[in-house]
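Structure first, commentary second.
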Amino acid sequence: MKQTLILFMQDEPGVLNRISSLVRRRNFNIESIVAGRTEKKGITRMTLVVNEPDMTKQKTIINNIKRLVEIYDVVDATGQDCHIREHALVKISIEDKDKKEIDKLVSSGNCKILDSDKNAMILELSGNESTVEDTIKTLKRYNILELLRSGKMAMISGNKDKHKPKLIKSSPYWEG
Amino acid sequence: MQKRILTGAEIIWECLIREGVEVVFGYPGGAILPAYDALNKYSDSVHHVLTRHEQGATHMADGYARASGKVGVAIGTSGPGAANMITGLATAMMDSSPIVCITGQVPRPAIGSDAFQEMDISGAVIPVTKHSYLVMDIQDLAPTIKEAFAIARSGRPGPVLIDIPKDLQAEEFEFLYPEGQVLIPGENPIKSDIDSFELDQAVEMISEAKKPVILAGHGVLISGASEEVISLSEKSGIPISWTLLGSGAVPSSHPLNMGMMGMHGEFAANNAIHNADLLIACGMRFDDRVTGNTKTYSPDSKKIHIEVDPSEINKNVKVDLAINGDLKFVLKNLLPKVKEKKNKAWYKQVSEWRDESASRDIINMDTEILYGAQVISDLWKETNGDAIVVSDVGQHQMLEAQYYKHDEPNTLLTSGGLGTMGFSLPAAIGASFANRDKDIWVIVGDGSIQMTITELATAVQENSNIKVAIINNGYLGMVRQWQQLFYDSRYSETPISSPDYVKLSEAYGLKGYRVYSRDQISDTIKKVQKINGPSLIEFVVEKHDMVYPMVPAGANLDEMISRPVHEQFEDAEM
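So the sequence lines, in the order shown, correspond to chains A and B. Sequential numbering of the first sequence, starting at 6, is according to our numbering. Sequential numbering of the second sequence, starting at 4, is according to our numbering.
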């Protein structure tokens, strides 16, 4: 089963290194990683899509990530009402006869033309997982010269407290 | 208050002193020169132990931490100095030992240029530390050191590395030790509330169980929960078995203590675990050396896991009830709810298993040749079981766990998780700074001692009160044992020669003895007990001895090879 995790971390050099090191050494199966700045200064947000069939390992992934000092919180978006979007750039070689078909594809709304000359075209694809996947499949009938996918970004619908990350620092000590 | 302008190097020592550091283990070099220069000013407050290798420094810090319960500190230079620390960091990480390593780094403008002795150590140690830092701004220095100590000692303890560029050590800055609490984003604090539903469930499972076993791990020692574990065991009639690092968590002399579990665990303990209907795992992580085949591990039992680190829950063995929290705290809350109970039939069964195994034991036999087990059993008797023992890795380590009957917590220091050969001698030197009341014995094989034997010089220089017992069988014995059992006795590269340890001791400046037979053991131990300072005894033992019982890797716990009645070795060739 695919797990979609949203990670909130300190915007510090090396933090991405720590996540990728963890993923590699624990042997987790990762499908995509996307990270970027957020509305809050000093906080980086990452969408991590994990493809881990083992149910117990799925929980371990979250707990392992939470152990990292620079991680504020992990929100599990799996199974939530959630928008997962992806971008892709595709460069294809074309002939004149293909142009009509491409126009049709563009008018369907799943891609737009960024750049076009006599024999090559750059298309920008965006949408949810399946539209990007399907559009790429459609484009395979042409000669794909270059393909670039951004990885998946996720945002949960609504404004529920349970989906809000804990973005506060706390003491590592325990006063028991 | 008057402003204090200090150099980065001085700030390092000021911070260490405020963290309660009295001793550091280290080795100077180019990129850490400013810190060593500043040490002259602070040498009244901090004692520096010059090691002979940076790996030794990290093991000393680790041994000190394990024996004292405080954070151990190792210090070294950039590049190779830092790289030599990686083994020690990984050892401390696997065994949850709190150490802080401080390394010098090339000056900031040179970082990334492949400068002389440059290495990205804060990046390289990510997989083997709780956290690592490269300090790039002098104003971060003091807060970073304070944070590093907090991370090392809090929660599930572990190692932290701080890399400090040379030019930053020379830079001047106003010194203010950060007041107030350390606050960090992650490393979630231990849960201080326990779900009463979880406790009720545990109580019910305990009251229903007819064949329960408590598994005591290292967490019992770290949490200081020995008393609570014993109370639970006595109140509900539950026999206890312990992991290697849980040795001493429960007195060996306690009637409900069955001994070690796992690959070289006791027959009774492994049988009990395999046949149990309830396991209560306390501060342990179901390591493969403990479980054997996880698919068939304790197949009929329900499992309760009380553990501080949530990432350990359901990692290796799936459990029925997990209680995440500090062990002592959880048990204190659980104990009043637990009903008094005696599992008489179960106890009788366990006792029978125990007697069956003991009757075959080599320590009770007269043999012509000396056996490792006999040495350790006699050492235990001669020291009244009251020494701190630091064991290395191999056959002698398992024999120590079986035959040195620890009655007190934190009296066995050993590299359990990583199995780092060469750990014992430096770790014992470190421990000698933490505990000056007890004798400290190193139990080490002829392979392991030769990995870090250079630290004998450190022991002499510091006049460390350690006694080194080398169990010499002329082989890398544990590997040889596997070759005999699983590789048709093809002893590939396991016979190993040794120097003359008595002469070597003399050359290093300590007293050395050699023992060939059992009747020499007592007198020789008595001789070295009178020595104040380092000493060494080489015990020449049977070459082809094996450690039993043994559960072959990946087998079920009840498929163990028992102790033989008595083995003859005529067929074996050297």
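Glycine included, every Cβ here is placed at the ideal spot set by N, Cα and C.
Asked	Found
Taking only beta-carbon positions, decide if G132 of chain A is within less than 8 Å of chain B.	no
Just the Cα atoms here: how many angstroms apart are G251 of chain B and I391 of chain B?	11 Å
Which two residues bound the contiguous beta strand (DSSP E) that contains F28 of chain B?	26-29
Quick check: does the Cβ of I443 of chain B come within less than 7 Å of any heavy atom belonging to the ligand SAM?	For the ligand SAM, the structure offers nothing, since it holds no ligand at all.
Got a sec, what are the start and stop residues for the alpha helix (DSSP H) Q108 of chain B sits in?	Taken as a continuous stretch (DSSP letters only), Q108 of chain B belongs to no alpha helix (DSSP H), being part of the beta strand (DSSP E) at 102-108.
In chain order, what residues of the same chain have a beta carbon less than 8 Å from the beta carbon of T83 of chain A, not counting five sequence neighbours either side?	M6, K7, Q8, T9, L10
In angstroms with no decimal places, state the Cα-to-Cα distance between Q529 of chain B and F28 of chain B.	Checking the displayed sequence, the identity of residue 529 of chain B turns out to be Lys instead of Gln. Computed Cα separation, rounded: 31 Å.
For N253 of chain A, which residues in chain B fall below 8 Å Cβ to Cβ?	Because chain A is modelled from 6 through 181, residue 253 of chain A falls outside the range shown and cannot be assessed.
Look at V212 of chain B and D280 of chain B and say whether their C-beta atoms are less than 8 Å apart.	Note that residue 212 of chain B is Ala in the sequence shown, not Val. The answer is yes: Cβ separation under 8 Å.
Name, please, each residue of chain B whose Cβ falls closer than 9 Å to the Cβ of S26 of chain A.	G126, I129, P130
Expressed to the nearest angstrom, what Euclidean distance is found between the alpha-carbon atoms of E237 of chain B and I209 of chain B?	13 Å
Quick one: is F572 of chain B buried, meaning 16 or more other Cβ sit within 10 Å of its Cβ, or exposed?	Model confidence at F572 of chain B stands at a pLDDT of 43, short of 50, so the residue's coordinates are unreliable; what they give is reported in the following sentence. Exposed, since its Cβ has fewer than 16 Cβ neighbours within 10 Å.
Suppose contacts are defined by Cβ-Cβ distances below 8 Å. Is S100 of chain B in contact with P160 of chain B by that definition?	yes
Output the distance between the C-alpha atoms of K62 of chain A and N317 of chain B, rounded to the nearest integer angstrom.	8 Å
Specify the secondary structure class of V482 of chain B as computed by DSSP and reduced to three states.	helix
Kindly list, in the order they appear in chain A, the residues whose Cβ is closer than 7 Å to that of D166 of chain B.	Correct list: empty, because the minimum Cβ distance to chain A is about 11 Å.
With a threshold of 16 other CB atoms inside 10 Å of the CB of A575 of chain B, please say whether the residue is buried or exposed.	Any reading at A575 of chain B needs caution, since the residue's pLDDT is 41, under 50, leaving its predicted position unreliable; the model's value is listed next. Answer is exposed; the Cβ neighbour count stays below 16.
Using a cut-off of 8 Å between C-beta atoms, extract the partners of L186 of chain B located in chain A.	K174, S175, S176
Going by C-alpha distance, which of B:V223, B:Q484, B:L488 is nearest P498 of chain B?	B:Q484
Less than 7 Å between C-beta atoms, sequence neighbours within five positions excluded: which residues of the same chain meet that for V28 of chain A?	I35
Over what stretch of residues does the beta strand (DSSP E) that includes G515 of chain B continue unbroken?	514-518
Relative to chain A, which residues along the stretch 141-166 of chain B have a C-beta separation below 8 Å, given in chain order?	A153, I154, S157, G158
Under 7 Å Cβ-Cβ, which residues of chain A neighbour N336 of chain B?	Within chain A, no residue comes near N336 of chain B; the closest Cβ sits about 10 Å away, beyond 7 Å.
Give the residues of chain A in contact with K214 of chain B, contact being defined as C-beta atoms less than 9 Å apart.	Those within 9 Å of K214 of chain B in chain A number zero; the least Cβ separation is about 25 Å.
D329 of chain B CB to nearest chain A CB: under 8 Å?	yes
What does the alpha-carbon distance come out to for the pair Y527 of chain B and M563 of chain B?	It is worth fixing the name first, because residue 527 of chain B is Thr in this sequence and not Tyr. Approximately 36 Å between the Cα atoms of the pair.
Which same chain residues, not among the five before or five after V76 of chain B, have their C-beta less than 6 Å away from its C-beta?	V24, V27, A64, V103
Compare the Cα-Cα distances from L428 of chain B to each of B:T417, B:N438, B:L421, B:K351 and report the closest residue.	B:T417
I'd like to confirm the pairing. Which residues does DSSP put opposite Y136 of chain B in its beta bridges?	B:I165
Name, going along the chain, the residues of the stretch 198-229 of chain B whose beta-carbon falls closer than 8 Å to a beta-carbon of chain A.	none
Can you grab the Cα-Cα spacing for the pair K157 of chain A / S131 of chain A, in whole Å?	10 Å
Report the three-state DSSP secondary structure of A472 of chain B (helix, strand or coil).	strand
How about I141 of chain A: is its C-beta nearer than 8 Å to some C-beta of chain B?	no
Within a Cβ cutoff of 6 Å, which residues of the same chain sit near M577 of chain B, ignoring the five residues on either side of it in sequence?	Low local confidence applies: a pLDDT of 37 at M577 of chain B is under 50, so the model's placement there is unreliable, and no value is given.
Can you tell which of B:R69, B:A118, B:M88, B:L560 has the C-alpha that lies nearest to the C-alpha of G33 of chain B?	B:A118
Any idea which residues DSSP pairs M126 of chain A with across the strands?	A:I97, A:S121
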